[in-house]
Structure formats: structure tokens, C-alpha cells
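Everything in the sequence shown is counted per my numbering, starting at 853 for the first residue and increasing by one.
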Amino acid sequence: MSDKIVIGIPNKGRLQEKTFDLFLKSGLEIVRNNGDREYYGTIEGVNNIEVVFLSPREISIELSTGTIDIGVTGLDLIYENIYQADKHIKCLAKLDYGFADVVVAVPISWIDVDNINDLDDVAFKFRLASKRRLRIATKYPNISREFFAKKGFADYLLVESLGATEGAPAYGSAEAIIDITSTGSTLLANELKILTDGTILKSESCLFASLNARWTVDKKKYLEELFDKISMEINIDKINQKDFLENLL
């Protein structure tokens, strides 16, 4: 029996809707066999692909381990959850939806704080006055630390955000935040502003492949067939595709 390609699809929300629509336009109908609670699905008329429904975060993690072969998730989750992601994951195509930026935001009332250097100055003064470091709430600790290290900013304490990150300064659990935003309207509603050099990552939904998956000759062939079907709807670089397929085995 031939191996099947296992593809991770977002389990709910707008990302799932967009992904279903993308595949349907390519003539591939994703079927969730037993309703929204079902973890497994199929593609109508395609026997060599198995669908698993996971959260976008779970998709990034399962790609890194090779448990799934390909999957749709955001760049932000790939770089947050996978150390040295480019060694484990290959972006096959950007899907032209799910756009959002991971940003550093501070209270609008901080009128003299416009960039990371200003934030560094405030953090120094804050520590002198309060005897503790400036707290920054986020769900992105890994890419946050990497970003600040490149900027030479170290006088801060990351606070794990378990809920609505943008509300942290208002209810006193942090002084600033790092969060993901698509329009910035939620930040403004919470009286926050994005630093001029505070965009950490421009994220979007992509089709990724795992470099740690077990790629057999059959699975490689099935992936080529999938590329052919969806290439009219998404921009798969033909040279990049050929190079990737040749280096799978």
C-alpha cells in the first residue's frame, strides 16, 4: 500500500475557510467527515492525501517533528515555535491571506517614545524608579528575545500573555506589549501605538513542507501532483519547487 501525504489544515475560523476555498478553486474539495469536531478528513476523489485538522500552532509543531508532511499555518508561528526553522521547514508558497504583523506597542500616553531607543531609555528610568524591569506582555517570547537582541535592548522582562495581550497595560500586568495585529484597530482601541521600528515580523499564511518528514518516492510523486493542481491558484515558484522536490530524498 502506498504512503499517503498528511496535510495539516486549520481546524476553525477564517484561516480554515480561506484554505477550504483555495483548495476548492483548485478542484480539491476538503471534506470534514463527521462535522466540526472531527480531527481527520479527506480530499474528495483523492486517495493519496490524508487531512488532519489542527490549530495553527499545532500545525507548526507537527511540521517541525515530521508528524505531518505539509500544512497551512502562519509565518509567525513557524518562527516562534521552531528553533532555526529554515533547517526544518520549507515554505512552498505564500497563500495571499492571513496577513498580520508582530509588533512592539506602547501606551499612546508615552508621547516621547517612538522607537526602540526611546523604549530603552524609558526602561532604564523605569528600573531606577521602580527597582524592577519594564514588563512586556507577549505570546511570542522567542522571536521577541531575538528581535530585542538584534536591537541591543536588554533591560526588560517578558511576561507570558494568556489572554488578550493588548489589555495588559490597562490592567497593570505589563507596561508594553508584543502582539500580532492585522489592522491596528484593536491596539488603538486599547490606547496603544506601534513603535516606528517595532515591526518584528510580517506574517501571512503559507503552505509549508516538513524537511523532517519521511519522504518516500510515492509521497514525492503525490506532492508533485498536488503542486500541479493548486499552482493556478497560488504562486509556487517553479524553480523553488523543483529544487525542493529534488532534495527531499
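Every residue, glycine too, gets a C-beta built ideally from N, C-alpha and C.
A quick note: this is a predicted structure, and the numbers were derived from the prediction, not measured.
Next on the checklist: Per DSSP, what are the beta-bridge partners of residue 1060 in this structure?
Outcome noted: 923, 943
Item to check | Cα-Cα separation, residue 960 to residue 1050 | outcome: 14 Å
Checklist entry - Among 1035, 1040, 989, 1036, which has the Cα closest to the Cα of residue 1017? => result Between residue 1017 and the set 1035, 1040, 989, 1036, the nearest pair of CA atoms involves 989.
Next on the checklist: Considering only their Cβ atoms, is the gap separating residue 1034 from residue 928 smaller than 8 Å?
Outcome noted: In this structure, residue 928 lies away from residue 1034, with their beta-carbon atoms at least 8 Å apart.
Checklist entry - Looking only at its own chain, which residues have a Cβ that is under 6 Å from the Cβ of residue 1064, when we skip the five neighbours before and after it? => result Taken in chain order, the residues that qualify are 918, 940.
Next on the checklist: Using a Cβ distance threshold of 8 Å, determine whether the segment 943 to 955 contacts the segment 968 to 982, with at least three qualifying pairs required.
Outcome noted: no
Item to check | Integer Cβ distance of residue 862 from residue 924, believed to fall under 8 Å | outcome: 6 Å
Checklist entry - From residue 984 to residue 1032, what does the alpha carbon distance come to, in whole angstroms? => result 26 Å
Checklist entry - Quick one: any contact between the segment 899 to 914 and the segment 854 to 874, if contact means 3 or more CB pairs under 8 Å? => result yes
Checklist entry - Taking the alpha carbon of residue 1052 as the point to measure from, which residue in 1077, 1061, 1024, 1002 has its own alpha carbon closest? => result 1002
Checklist entry - Helix, strand or coil: which one does DSSP assign to residue 990? => result strand
Item to check | Which of helix, strand or coil DSSP assigns to residue 965 | outcome: coil
Item to check | Given residue 897 as reference, the closest of 1047, 883, 1008 once Cα atoms are compared | outcome: 883
Next on the checklist: So the candidates are 926, 921, 893; which of them puts its Cα closest to the Cα of residue 909?
Outcome noted: 926
Item to check | Test item: CB-CB of residue 895 and residue 1061 under 8 Å | outcome: no
Checklist entry - Are there 16 or more other CB atoms within 10 angstroms of the CB of residue 1012, so buried, or fewer, so exposed? => result Per the 10 Å Cβ criterion, exposed.
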